[in-house]
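Working notes, beginning with the structure itself.
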Amino acid sequence: MTDSAVQLTALADRFDLETDRLIDLIGDGLGGVDDGELFLEYKETESFGFDDGRLKTASFDTTQGFGLRAVAGDAVGCAHSPDFSESALVRALDAVSAVRAGHTGSLSLPPKGTNQRRYGDDNPIRAQDHAAKVAVLEKIDAYARQKDPRVKQVSASLAGTWQQVEIIRPDGLRQSDIRPLVRLNVSVVVADGDRMETGGYGAGGRVGYADFLEDAKWQHMVDEAIREATVKLDAIAAPAGEMNVVLGPGWPGILLHEAIGHGLEGDFNRKETSAFSGLLGQRVASPGVTVVDDGTLSDRRGSLTIDDEGTPSGCNVLIDDGILVGYMQDRQNARLMGHEPTGNGRRQSFAHQPMPRMTNTYMRSGNDDPQAILESVKNGLFAVSFGGGQVDITSGKFVFTASEAYLIEDGKVTAPVKGATIIGNGPDCLTRVRAVGNDMKLDNGIGTCGKEGQWVPVGVGQPTLRIDGLTIGGTATS
């Protein structure tokens, strides 16, 4: 029996009472509400940080606890504790029962089960010893400095998480999941004379460390980090003004995630605070634009076997050929909107309550050749990668910084630029899509999404896109 199997069978038994007694307490304590669950969690997390030629940080942490939730109408009662004891659970049940006052609802139907696993359950933290993990960081540092003499600083980090969850509903349904998660990041600083630039690359997923310890994997990551940094050494100031923009495949899908994806989450639409509220069945994007949120992809960073309410993850079409056809839902918002849960009820930990969140959100491929898309733009901007950004969910307005971008002149990609920001409105942006490439690509497994103070791993992706008439903020002087 593996370590993970031992942990799985022991999680509910961490309470100092029999399982039948535990289920009875939940059933009685959450009686007379619309929904609710006991969420149990055990998690191991470790990280290693290598900087300036030496190991600077190393950490290991374990957390465990339970979160209890009762839902009545649009009222939610939550309690949580790291103490797996009957007394703590009884106090929590007493606290959340306040939502029942004057409520006469009946318990919602339980989620339908699934036997489909979206990733393995091996514990990456225990699969390799610490020496092997530190050794790969040392090799990354040495390889980067040998690769290009202009490299002045190298930073690398390796992190892993092994999370086990179990969900017990008041109707007695029990579901469990084991979720591994690994990420490797590389960052370099290069210098040429007085000019210094940075470049970075990261990758990860719901897998073990083995793939990332292989030379070919981390060498490719170092090569890409150096390439990005050296491209910036030759970059000129970005122009400003309205331009046609081509977005590269993969990570530029972060713009789709932020500027459009959040606006398609159920809670914002139930409360009518999203720019997409009340638009189901209507055209919200150009023909050829199909957007999905898919938590069923194997081993992807944003994938889930079940969400944090026990609903199996799904491949949910949100926009179909330009028509808005669905929202991402947790159980509460789905019930209040008369919809079905979509497997998007997620929480950061047992100490947080679930809410509608994205998993892997991407735009599907179209029919256009990526090179032909670039050649179709006389003068514009080719954005290959993005850094930070800001979005207003209600209005859809966004500002994103391009970390790697190039001018397009007479249909050809020419000089790299720096300091380019892309300014627009998410819903309006969807109607300005003029070409959708046939090269859809997912990101490398580095996304983390924040909402109302909670952070969860996500995936993004898209094909090459042409979007006309976006505002570019630049620093070039005329």
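Once you know that position 238 of the sequence shown is 267 in this note's numbering, the rest is easy, because the numbers rise by one and skip nothing. C-beta: ideal position from N, C-alpha, C; glycine also. Since we're looking at a predicted model, the values are computed, not measured.
Delimiting residues of the beta strand (DSSP E) encompassing residue i
i: tryptophan 484; result: 483-491
i: valine 119; result: Run containing valine 119: none in the beta strand (DSSP E); it sits in the alpha helix (DSSP H), 115-125.
i: phenylalanine 68; result: 64-80
i: alanine 188; result: 180-197
i: alanine 434; result: 426-438
i: proline 399; result: Note, proline 399: premise wrong, no beta strand (DSSP E); alpha helix (DSSP H) at 399-404.
i: asparagine 371; result: According to the sequence provided, residue 371 is threonine. The question's asparagine does not apply to it. It is not in any beta strand (DSSP E) - threonine 371 carries neither H nor E in the DSSP assignment.
i: histidine 109; result: 104-110
i: alanine 264; result: Premise fails: alanine 264 is in no beta strand (DSSP E) and is neither H nor E.
i: proline 445; result: 441-447
i: alanine 41; result: That residue, alanine 41, is in no beta strand (DSSP E); it is neither H nor E in DSSP.
i: isoleucine 451; result: 450-454
i: arginine 463; result: 462-465
i: methionine 392; result: 389-392
i: lysine 480; result: 476-480
Reference residue i, options the options, closest by Cα
i: alanine 239; options: Gln157, Thr460, Thr430; result: Gln157
i: glycine 295; options: Arg393, Met387, Asp472; result: Met387
i: aspartate 151; options: Asp328, Met384, Val354, Ile452; result: Asp328
i: glycine 374; options: Ala185, Thr340, Ser405; result: Thr340
i: glycine 189; options: Arg179, Asp223, Gln382, Phe241; result: Phe241
i: asparagine 345; options: Leu136, Tyr356, Ile352; result: Tyr356
i: leucine 403; options: Glu226, Asp90, Ile283, Val274; result: Val274
i: alanine 380; options: Ser405, Asp337, Ile422, Ala401; result: Asp337
i: glycine 277; options: Thr74, Tyr172, Gly466; result: Gly466
i: isoleucine 422; options: Phe297, Asp177, Asp252; result: Phe297
i: threonine 430; options: Glu438, Ile437, Gly440, Ile452; result: Ile452
i: arginine 146; options: Met225, Leu122, Gln204; result: Gln204
i: alanine 87; options: Ala99, Leu187, His249; result: Leu187
i: leucine 508; options: Ala185, Asp200, Glu257, Ser378; result: The structure shown has nothing for residue 508, since the chain only spans 30 to 507.
i: valine 260; options: Trp247, Asp322, Ser126, Met225; result: Met225
i: leucine 69; options: Ser432, Gly94, Asp49; result: Gly94
i: valine 320; options: Ala117, Gly290, Thr302, Glu301; result: Gly290
Neighbourhood of residue i by C-beta, 8 Å cutoff - its chain only, sequence neighbours within 5 removed
i: glutamate 369; result: Gln358, Ala363
i: arginine 299; result: Asn362, Leu365, Met366
i: arginine 83; result: none
i: glutamine 311; result: Ile352, Leu353
i: tyrosine 435; result: Leu410, Phe411, Val413, Val442, Thr443, Ala444, Pro445, Val446
i: valine 35; result: Because the pLDDT of valine 35 is 42, which lies under 50, any placement of that residue in the model is unreliable, and the number read from its coordinates should be weighed accordingly. Closer than 8 Å at the Cβ level, and outside the excluded window around valine 35, lies no residue.
i: glutamine 400; result: none
i: glutamine 491; result: Leu276, Pro278, Gly279, Pro281, Gly282, Leu285, Tyr391, Met392, Met469, Lys470
i: glycine 474; result: Arg212, Gly231, Ala232, Gly233, Gly234, Arg329, Arg330, Gly488
Close Cβ partners of residue i (< 6 Å) along its chain, the five nearest in sequence each way excluded
i: lysine 181; result: Val218, Ala220
i: lysine 426; result: Asn454
i: proline 209; result: Pro153, Trp191, Arg235
i: phenylalanine 44; result: Leu51, Phe113
i: threonine 31; result: Unreliable placement is indicated for threonine 31, whose pLDDT of 40 sits below 50; the coordinate value is still reported in the next sentence. Once the five neighbours on either side are set aside, threonine 31 has no close Cβ partner at all.
i: leucine 308; result: Leu353
i: alanine 124; result: Ala108
i: alanine 304; result: Gly292, Gly425, Pro456
i: valine 487; result: Gly331, Met387, Gly476, Cys478
i: aspartate 90; result: Thr74
i: methionine 272; result: Gly409, Leu410, Ile501
i: isoleucine 55; result: Leu67, Ile197, Pro199
i: glutamate 195; result: Leu40, Ala41, Leu69, Ser205
Endpoints, the alpha helix (DSSP H) within which residue i is located
i: tyrosine 172; result: 159-176
i: arginine 98; result: Where arginine 98 is concerned, there is no enclosing alpha helix (DSSP H), although the beta strand (DSSP E) it sits in stretches over 83-101.
i: glycine 56; result: 48-58
i: isoleucine 422; result: Element bounds for isoleucine 422: n/a, residue is neither H nor E.
i: isoleucine 501; result: Per DSSP, isoleucine 501 belongs to no alpha helix (DSSP H); it is in the beta strand (DSSP E), 494-502.
i: alanine 156; result: 153-156
Same chain, Cβ closer than 7 Å to residue i, five either side skipped, listed in chain order
i: alanine 254; result: Val215, Ser216, Val217, Gly228, Gly229, Tyr230
i: glycine 324; result: Gly331, Ser332, Leu333, Ser342, Gly343, Gly372, Thr388, Asn389
i: alanine 288; result: Val420, Gly425, Phe427, Gly455, Cys458
i: alanine 101; result: Val62, Asp63, Val128, Arg129, His132, Gly134
i: alanine 314; result: Ile348, Gly351, Leu459, Thr460, Val462
i: serine 33; result: For serine 33, the predicted structure reports a pLDDT of 44, less than 50, and the residue's modelled location is therefore unreliable. The matter cannot be settled from this model.
i: aspartate 397; result: Ala464, Val465, Gly466, Asn467
i: leucine 37; result: Residue confidence for leucine 37 is low, a pLDDT of 48 falling below 50, so the modelled location carries little weight; the figure read from the coordinates is stated next. Closer than 7 Å at the Cβ level, and outside the excluded window around leucine 37, lie Gln193, Ser205, Ile207.
i: alanine 173; result: Val180, Val183, Val217, Val251, Ile255
i: proline 268; result: Ile501, Gly503, Ala505
beta-carbon residue i near the ligand MG non-hydrogen atom, thresh 8 Å
i: glycine 502; result: Ligands are entirely absent from the displayed structure, and the ligand MG is therefore not among its contents.
Are at least three pairs of beta-carbons, each pair with one atom in the segment 439-447 and one in the segment 255-270, less than 8 Å apart? yes
Spell out a yes or no on whether the segment 491-502 and the segment 401-410 are touching, meaning 3 or more CB-CB pairs, one atom from each, closer than 8 Å. yes
At 3 residues or longer, and completely inside the segment 274-351: list those beta strand (DSSP E) runs for me, N to C. 320-323, 344-349
Does the structure place the segment 134-143 close enough to the segment 157-167 that three or more beta carbon pairs sit under 8 Å? no
Ordered list of beta strand (DSSP E) runs contained in the segment 218-257, each at least 3 residues: 224-234
Would the segment 79-98 count as touching the segment 162-178 if we require 3 or more Cβ pairs under 8 Å? yes
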